[in-house]
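Participant: Sharing a structure, written as structure tokens. Questions coming.
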Amino acid sequence: MKRALPLIAGILSGLVVLAAMFFVPQSGGILAMVLNWVIIVAGVALLVAIASLVLTHLRFIARGKKGFLLSLVLVISFLATLMFGLIRGVDDPVFLKWVGAVIRPIETALLGLVALIMMSAAMKIFRERGWSALTVSFGVSAVIFLILGLGFLQNLNIPVLTEVIRLVETLPMIGARGLLIGIGIGLLMMAFRVLFGMEGSGND
Amino acid sequence: MLSALTINDQLALALGILGLLFLLINLLLLKKNQPKHIPESTKQAVEHLLHVSSEEGKRLVVGLGHALTNASFDLAGASGLSLQRALLKRSLFNDHPLQSYSGDGVLACLSRMVVHGAYRGALASELFSGSLSQLSGTSPLAYTASLTNHIPDAANAGLLLAGQMSPVVLLALDQADRCSIPSISAITSLSGQAAGFIGNSVNLMGEDVFNAAGRLDQHKSSLASLSAQDWLRVAISIGLLLGAILKMGGVLP
Amino acid sequence: MTEDHSELNLCPNCSKENLPMATRCVHCGSDMEALFTIFGQPQIPEEEAEESLPDIIEEIRNDPSLQTPSEEPPSPELVPANRIDESILDSEQLPDWLAKVRERAQGEEDAIGDLASGTMAMDAARNEEASAGVEGEFNAWINRIREKSQQENSVRARQLPSENEEPDQVPEWLQRIRALRPRPEEDITHEVKTGPTYADDLPREWTDEALQELRRQALSEDQEQETEPLLSASASTEDEETPVEPELEAASEPVQEESGSIEEDFHNIPEDEDAYFVPVPVEDLNQFTEVEEDSVVGGTQEEPATGEIESPEQEPGQDTPELAEIQTEEVVPEEAIVEPEASENPEQTELESVPVEVEDETKTGVEEQEEEPEEEQPTDSAAVPPDLLLLRDQQDRASLLASLIEQEGRVTAGKQAVRKPSGKAGRLALALLLLIGLIVSMLIGPSPMPTDALKSMPALALGDQIQTLAENDKVLVVLDYQAATSRELEALAAPMLDKLHVQGVQLSFLTTQPSGLFLAQSLLAQAELPENTLVEYLPGSYLNLIGWAVNPAISATGDDLLRAKNLYPFRLVLLVSDSSDNIRGWLEQIAPWIESLNFAAITTQMEAPVLSPYFDSGQLEGYAAGIADGNIGMQSTFSYRAYRVGLLLMLVMLLLGMISKGEEDAIRKEEERAE
């Protein structure tokens, strides 16, 4: 019963929301209320997760675990941002400026690294994966779209070539659509499993 | 509202009902559900996961993604949980049990529930540790950076990425590659799948992302959903062909 | 292992074992010189032996009859009647040449003389002694075999108190030594005699403690004979059930709490031992480990699914790899999934001839292979003292360890090959190449996107959509991106927002990311919008908006806190996002509720292909992605030249990768052809 109760509650919630979607003018209030609950629970869950994260790293620091200096940086940064935000408010321009000044260069540098890794991966991918239908199609399409991206062909202003380019540019849509259908199918089945309580929490 | 459904909505609803019907049929089928057409990539991935989690006794690092409730509410973001559960059951008593990292608050809590449930199911609740499921950053970059930082560990045997992830996850895959740690990506977002492909990992695409968990789980529900998935795929293919024919014949506008 | 045991000499008097070099029995003190005689050769004084030894050896070598013992009995007429028994005995023991010599000497009495007659009499007496010693040794050997067989039949006998002494009065310490010294021929005998008993291989897997415990339990419950619990337990384990389960099932709640650990112990010990008996091919080792761990985990689960997986017997006609595959399918129930490595590499399976058998066979492949390592045991261990010899378990463990060491570094099935990480130098060179190329291209001078460049269809559609907006039209701008992609998106969005502002469109800003608050500042500055423009944070993203969208009563009243919550007044929602999944969420979750709402997007080039189906289906009015679509407005922050250089470098790397792979393949083929 201890385990069945949350399961029943979850299943009922899912079914109610699903049913409410089809009777919206009447069930709008219920739906809005349930969705608000979801947002609140999500917010609280985030708080719990952050608290757990901080506590875990505090434990690392207390034990002097390897790499605890990074934990120290995390805790100090967290506390500093929290205190700064509480004192000055999250809309304070100075606060936002400082936070942005720290986050933006770090994240941009990481994204730059991704570009570099992509270059490296482009060179390695055939050695690692060998020749297969997938790698060959990947290589051919990558070369074509890189050439198109350079813009030289478009600048020629040849009507036939322009039409061909337009046609080629629609090709990714076909692949994306197929993949999206596949993901949709998998997601639908997963949703049913969740909805009917077939996805347990690990002890079933 | 029901009367206001567009053709697309009606089609989606029909597909949903069809999927549910297929699932129920497969669940109720007396014969055992054993999908015959598991893609090779999934097979390899599953075998690899088993190898890592069961044989080497090392830690398997699972990245559960960063998007369940952060910016969008997408159930695909929770697809890694079933994989985590399936793998965790095989590494509960290892020297280094499975370690998961989430980039979303709700995902972190759910992941911890999975870990606790697995230990409780094994009558070993005392072995449960909250640190086996951690939050690591609440934005895609912060999450990926944190995950990347956890990879170079001698006790790590493999990296599994499952859930919603941005292409930035290529950083983690590259780190795993440099540390000679085999990696598997079962990312539900398309751009993440592209990153997984180029990132030298066993890469799952499309619905295969959801197959791996079913293959590992071997739950009747999982296997039934895999079979239903196959049926639905066939039904959609037939529907698309019919639609194209009707469109060409001028029946459909 | 046979020789080492037989090298121990048995005392002809007390039948106790002595070291090979002992001349006197350490137990009774009797002389053991007889054991050192060459069969059929009379004992002679040392001096004489020294003189005649080369001759004797030479004669032995030359005489072919010595190679195979003669079966011919001596002719009865040549043997004196009063010594016929001795003659028969001698003829059985002595070589022909010696019999002939004696025969001639007996016939020629003169040649023998009195002294020789006395010597012969003494020789005869000694031969009698020697033959008696040989007979005793033979009997002792037979007894040992019997004794060993009995020991093997009841494995626990050596742990129990020695209630039944052996018939040949062998002391306990000797039994221990014999138990410590496995002999192949005895093992073979044991295999034949006790095969049915060990059909499931379990008795050898039991540890002493476990057997004692079982025996105690059985004695206390049934008052049966000592060996019965073992046999019953052995039989009960054939269906892979733990013998302790009945007790556990009948146990109370606290005991059930411990059942997991008990089952775990049970699973671990036999399978460990089982694995030690295997001649350990790599796959088998992996498989055993998997079985062990999986069974441990599986044993702890609450709801084992039965009847889900087809058994291998249901699909006959499979060859070995297929059968292995079936096994793979079969042994992966939800509580214990095992992926036999053999199924992943059928070629290897065939090469190593690993027998793949169904589980219900009486003798498993493991048992069949059990004899192999024993045959490979070193046979010459005569110089090894008995106390230094190893138990069979220890030997098997050693062989397992050796095979594990041998296995190290090999690529096992299901595991990716350990890749050699790419060198740092190569990566550094790539980085330098990229950086130098980009920096140089930017230093040359500004290079804006040409205004006449061909735009993508979605970008053109977006431009058209913006053109249709009139003054005072409301546009909701949703900022949903990270700091990392802010440069790319701001460069696209800022000119567009500026254009909209110029057109007199009312802009409302909403961010779904906490970081959007400070990112918006930068965007507003680039778009030259007023600094006091309100940017609202919306927790829960579009989910927060669904409640308003589905409840017109609430929507009609508006909302003071979040003005943007009411979506109905907006004509266009412009999603500035670096995540196609988030954009999909808006299109799939919000759009169906408010049909009057149009959606457009500004995203990164990485995410653009995912949006193309939505644009094609009309769910998205248009979108701009990346620098290629950046010419929809004035762009001053981008260097088009640097962008092109980056693309060019990427193209070169891709082609280099293809070429290097092709070259590598060609070299390998060439080498293969040369070989």
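Residue numbers (this note's numbering), protein chains in the order written: chain V, 24 to 227; chain E, 27 to 279; chain U, 579 to 1253.
Built from N, CA and C at the ideal position, the CB exists for glycine as well.
#1: When you compare each of E/Gly189, E/Thr170 and E/Ser227 to leucine 109 of chain E by their alpha carbons, which one comes out closest?
#2: Quick check: is the beta carbon of glutamine 1084 of chain U nearer than 8 Å to any beta carbon in chain E?
#3: How would you list, in chain order, the residues of chain V whose beta-carbon sits under 8 Å from the beta-carbon of valine 1188 of chain U?
#4: In angstroms with no decimal places, state the Cα-to-Cα distance between leucine 1013 of chain U and glycine 1023 of chain U.
#5: May I ask you to list the residues that DSSP assigns as paired with alanine 212 of chain E?
#6: Checking contacts by CB at 8 Å: is methionine 213 of chain V closer than that to chain U?
#7: Identify the contact partners of glutamine 190 of chain E in chain U, using a Cβ-Cβ distance below 7 Å as the criterion.
#8: Tell me the DSSP bridge mates of arginine 602 of chain U?
#9: How about isoleucine 188 of chain V and leucine 176 of chain V: are their beta carbons less than 8 Å apart?
#10: May I ask you to list, following chain order, the residues of the region 1071 to 1096 of chain U that have a beta carbon less than 9 Å from some beta carbon of chain E?
#11: Quick check for students: name the residue ranges of the beta strand (DSSP E) that lie wholly in the region 1045 to 1093 of chain U, counting only runs of 3 or more.
#12: Kindly say whether asparagine 34 of chain E, judged by its beta-carbon, lies nearer than 8 Å to any beta-carbon of chain V.
#13: I need the DSSP call for threonine 1182 of chain U, collapsed to helix, strand or coil.
#14: Applying the 10 Å Cβ sphere with the 16-neighbour rule, what's the burial state of cysteine 606 of chain U?
#15: Counting C-beta neighbours from all protein chains within 10 Å, is the total for aspartate 121 of chain E 16 or more, i.e. buried, or is it exposed?
#16: If we call anything under 8 Å between Cβ atoms a contact, is alanine 55 of chain V one with glycine 1125 of chain U?
#17: Checking contacts by CB at 8 Å: is alanine 103 of chain V closer than that to chain E?
#18: What would DSSP say about glutamate 725 of chain U, mapped onto helix, strand or coil?
#19: Buried or exposed: where does threonine 1090 of chain U fall if 16 or more other Cβ atoms within 10 Å of its Cβ makes it buried?
#20: Kindly list the residues whose CB is nearer than 8 Å to the CB of tryptophan 1171 of chain U, restricted to its own chain and excluding five residues on each side of it in sequence; keep chain order.
#21: At 9 Å on the CB atoms, spell out the chain U contacts of glutamate 192 of chain V, in chain order.
#22: Can you have a look at isoleucine 45 of chain V and say buried or exposed, based on whether 16 or more other CB atoms are within 10 angstroms of its CB?
#23: Whose C-alpha, out of E/Ser227, E/Ala180 and E/Asp179, is nearest the C-alpha of valine 195 of chain E?
#24: Determine the direct distance from the alpha carbon of proline 1092 of chain U to that of serine 165 of chain E, and round the result to whole angstroms.
#25: Against alanine 183 of chain E, what residues of chain V qualify as contacts under a CB-to-CB distance less than 8 Å, listed in chain order?
#26: Does chain U have any CB closer than 8 Å to the CB of proline 193 of chain E?
#27: Along chain E, which residues have their Cβ under 8 Å away from the Cβ of threonine 79 of chain V?
#28: Answer with yes or no whether the minimum CB distance from serine 593 of chain U to chain E is below 8 Å.
#29: DSSP puts methionine 161 of chain E in a beta bridge; with which residues?
#30: Looking at chain V, is there any beta carbon in it that lies within less than 8 Å of the beta carbon of alanine 171 of chain E?
#31: Against chain U, which members of the region 91 to 104 of chain E pass a CB distance test of less than 9 Å?
#32: Could you tell me if glutamine 49 of chain V is buried or exposed, where buried requires 16 or more neighbouring beta carbons within 10 angstroms of its beta carbon?
#33: Check distances from the C-beta atoms of the region 225 to 236 of chain E to those of chain V and list, in chain order, the residues that come in under 7 Å.
#34: Within 8 Å (strictly less), CB to CB, does proline 1117 of chain U reach chain V?
#35: Isoleucine 262 of chain E versus chain V: which residues are under 8 Å apart at the beta carbon?
#36: Excluding the 5 residues flanking aspartate 115 of chain V on each side, which residues of the same chain have their C-beta closer than 6 Å to its C-beta?
Facilitator: Checking against the coordinates, here is how it stands:
#1: E/Gly189
#2: no
#3: Ala199 and Leu203
#4: Their Cα atoms are separated by approximately 16 Å.
#5: E/Ala188
#6: no
#7: Going along chain U in sequence order, the residues near glutamine 190 of chain E (Cβ under 7 Å) are Asp1159.
#8: U/Asp609
#9: Taking C-beta atoms as the reference points, isoleucine 188 of chain V and leucine 176 of chain V count as a pair closer than 8 Å.
#10: Thr1090, Gln1091, Pro1092 and Ser1093
#11: Whole beta strand (DSSP E) segments, 3+ residues: 1052 to 1058 and 1084 to 1089.
#12: no
#13: coil
#14: exposed
#15: exposed
#16: Contact check for alanine 55 of chain V against glycine 1125 of chain U passes: the beta carbons are separated by less than 8 Å.
#17: no
#18: helix
#19: Burial call: buried.
#20: Short of 8 Å from the beta carbon of tryptophan 1171 of chain U, and not among the five residues preceding or following it, lie these beta carbons of its own chain, in chain order: Ile1124, Ala1127 and Val1128.
#21: By Cβ distance, chain U contributes Ser1034, Met1035 and Ser1190.
#22: Just to set this straight, residue 45 of chain V is phenylalanine in the shown sequence, not isoleucine. Result: exposed.
#23: Here the closest residue by C-alpha is E/Ser227.
#24: 9 Å
#25: Here the premise fails: no neighbours, minimum Cβ distance about 19 Å.
#26: Yes, contact with chain U.
#27: Gly156, Ser157 and Gln160
#28: For serine 593 of chain U, the answer is no, since every Cβ of chain E falls outside 8 Å of its Cβ.
#29: One point to set straight first is that residue 161 of chain E is leucine, not methionine, in the sequence displayed. Its beta-bridge partners are E/Ser128.
#30: yes
#31: Ala93, Thr95, Asn96, Ala97, Ser98, Phe99, Asp100, Ala102 and Gly103
#32: Label assigned to glutamine 49 of chain V: exposed.
#33: Gly225, Asn226, Met231, Gly232, Glu233, Val235 and Phe236
#34: yes
#35: The contacting residues are Ile204 and Ile208.
#36: Closer than 6 Å at the Cβ level, and outside the excluded window around aspartate 115 of chain V, lies no residue.
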